[in-house]
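What follows is a short report on a single structure.
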Ligand code: ADE
């Protein structure tokens, strides 16, 4: 026993000695990121070189260092081991004991070069653009220090018209987070000067408090009461005082103001006239269309113009009336009934709204309430933001009423129209559909998707295109008139120009594996091209169109409802979908019987064109609407208003 203990102590001692020797060894040589010049990404105060090469430094005295520069707007970084006794890009590194690599400026030949050094393994894998105070650290990434042009006063050839370049090639990180970029143009005895600086908004500048610093551009305005001709602007975007944008010249002020007023009124008048005529035309068209649809196609979908959002179709139990957040002190009087749906992030309830758009005698209006627990704030906010776009209003998109922050229950609510027929998947499980119903459901689905994707409303007003990214039959509701409306926009994306590269990069693979397009399954979607997101939606829509068609009695015996690619209760994962959809190029079966009905045959070919492996070869949703319109006018068949249950699935539509 004693010998065993002795052996253990010797072993322990050996371990300690060897461990210590390893520690001594690693402490002597730093390990640093070591990549040559390469493009870098900035996020909040930091910049990342995307370098995955780490090297053990050759000399024990070496520390980690980095160089950062911007040329013609492109940020480049270089990382390396460095002996601090030597200058780096002619900068002598003094403070390198910190674990943060804090950049210090050096203006080498207008390159806006900065260098930094730090101590600690791979501490140069990111660099800090500005030293952070403790409060800033806590509020990261919200409190950014500005990066502004800072040349103080320089003479200029700019004559205060149009847009002038500051001609300042020194970029500086402002000292405090309260500082913004400021630009001044002044003329004294015929000589013009431009001044570019950072300035704290809490203090006056040339005796004036800055009022326009929330702007992202520097729009110069004349400052009265100065001896010189004097213009000033402030702004808060990176280097925004590089471009000096001139509004009105002080001396020309009075003469031109009337002219400007007149000139600016003309487009306004034109817009008002255009809007009025658009409103009128849409109303006339809509009325005509309603008449035509009643007479000819007996109620085929009408395309609603967004400015008509007030005369929404009230045939369903509720309709949209507001899109703003309902604040805590004015929560709607809503009584929840039962759960009608469960999603990834939220539950949907049927509920009674005891005020608002009720007809005489009605005690309440039925609405749907989607309830998100506080933890799912991001999904609620995303869906709310999508709904808040008034241009989204459309017959085939779920009508949104309002959003609420129910603080007491720690819940977020979205209140929408309620559709008693429920979702399309449940509907198809219980009903077969006639040829006419297939057309109503199909064309309205395509109309909803086309409107979502479109960059304009039916009236030609500009609209941000949106992609759904989780289209499937359980995210589509069936309205009482047997048309579809899209819902569940929790994963949707607004394809506006303001999307940052990070947002785009994070938008690769989302949705439900069963309905994912091949390029989404492979995460090979072209993130730079907004059309590619729409093409992925069209693929999912094709699967839904197939589901509807598979329950159509016009093609003979109708099989039990099955979702695309297999059984209802199963949830195939991305890997197994990849095997089916990419390796084996499988698609849901289109039986030979579908070609026995001219209409269904046309629908099948549209479906096949929509689920093409090549995203570019797919039809657009708008094109699918046109195909349906052509099919409907070519194949006029008897119409039945009530869908049949499986028991009464006669083939009388054939
Ligand atoms: N399920 C999910 N949303 C719904 C709604 N708005 N109406 C009816 N059922 C739903």
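In our numbering, the protein residues as written are 127 to 780. Every residue gets a Cβ at the ideal spot worked out from N, C-alpha and C, and that includes glycine.
Proximity winner among the options, relative to residue i (alpha-carbon distances)
i           : options            : result
residue 231 : 223, 245, 216, 224 : 216
residue 684 : 670, 332, 558, 760 : 558
residue 253 : 276, 301, 403, 191 : 191
residue 747 : 524, 576, 343      : 576
residue 185 : 194, 682, 207, 176 : 207
residue 713 : 218, 733, 720, 728 : 733
residue 693 : 551, 362, 204      : 551
residue 218 : 225, 625, 209      : 209
residue 740 : 250, 644, 366      : 644
residue 211 : 226, 351, 243, 727 : 243
residue 250 : 371, 655, 175      : 175
residue 659 : 676, 635, 677      : 635
residue 316 : 302, 299, 330, 283 : 283
residue 566 : 276, 275, 750      : 750
Same chain, Cβ closer than 6 Å to residue i, neighbours up to 5 away in sequence not counted
i           : result
residue 223 : 245
residue 500 : 536
residue 597 : 663, 666, 667
residue 780 : For residue 780, the pLDDT reaches just 28, beneath the cut-off of 50, and the residue's location in the model is therefore unreliable, although a value from the coordinates is still provided. So the list reads 680, once near-sequence residues are dropped.
residue 532 : 539
residue 502 : 471
residue 760 : none
residue 704 : 647
residue 163 : 202, 204
Cβ-based neighbour list, residue i, same chain, cut-off 8 Å, excluding 5 preceding and 5 following
i           : result
residue 347 : 338, 357, 358, 359, 373, 374
residue 581 : 588, 589, 590, 591
residue 334 : 349, 358
N-terminal and C-terminal residue of the alpha helix (DSSP H) that residue i is part of
i           : result
residue 813 : Residue 813 is absent from the model: the chain starts at 127 and stops at 780.
residue 736 : 724-736
residue 753 : 747-760
residue 644 : 644-647
residue 660 : 656-676
residue 503 : 503-514
residue 457 : It is not in any alpha helix (DSSP H) - residue 457 carries neither H nor E in the DSSP assignment.
residue 552 : 550-556
residue 704 : 700-704
Host beta strand (DSSP E) of residue i (start-end)
i           : result
residue 314 : 305-314
residue 325 : 317-326
residue 358 : 355-361
residue 530 : 526-532
residue 298 : 297-299
residue 542 : 537-543
residue 157 : 157-159
residue 498 : 491-499
residue 464 : 460-468
Cβ neighbour criterion (16 or more within 10 Å) applied to residue i
i           : result
residue 698 : buried
residue 178 : exposed
residue 574 : buried
residue 619 : buried
residue 289 : exposed
residue 586 : exposed
residue 388 : exposed
residue 462 : exposed
residue 279 : exposed
residue 480 : exposed
residue 286 : buried
residue 392 : exposed
residue 563 : buried
residue 754 : buried
residue 399 : exposed
residue 420 : With a pLDDT of only 35 at residue 420, under 50, the local geometry of the prediction cannot be trusted, and the value read off the model is given with reservation. Per the 10 Å Cβ criterion, exposed.
Bridge-paired residues (DSSP) for residue i
i           : result
residue 231 : 240
residue 710 : DSSP lists no partner for residue 710.
residue 203 : 164, 194
residue 588 : 582
residue 281 : 319
residue 610 : 604
residue 180 : 159
residue 370 : 290, 344
residue 275 : 297
residue 477 : 462, 493
residue 174 : 167
Chain-order list of residues whose beta-carbon lies under 7 Å from that of residue i (same chain, five-residue window excluded)
i           : result
residue 498 : 471, 472, 505, 506, 537, 538
residue 517 : 432, 583, 587, 589
Check each residue's C-beta against every heavy atom of the ligand GDP and list, in chain order, those closer than 7 Å. Looking at this structure, you won't find the ligand GDP anywhere; what it does contain is the ligand ADE.
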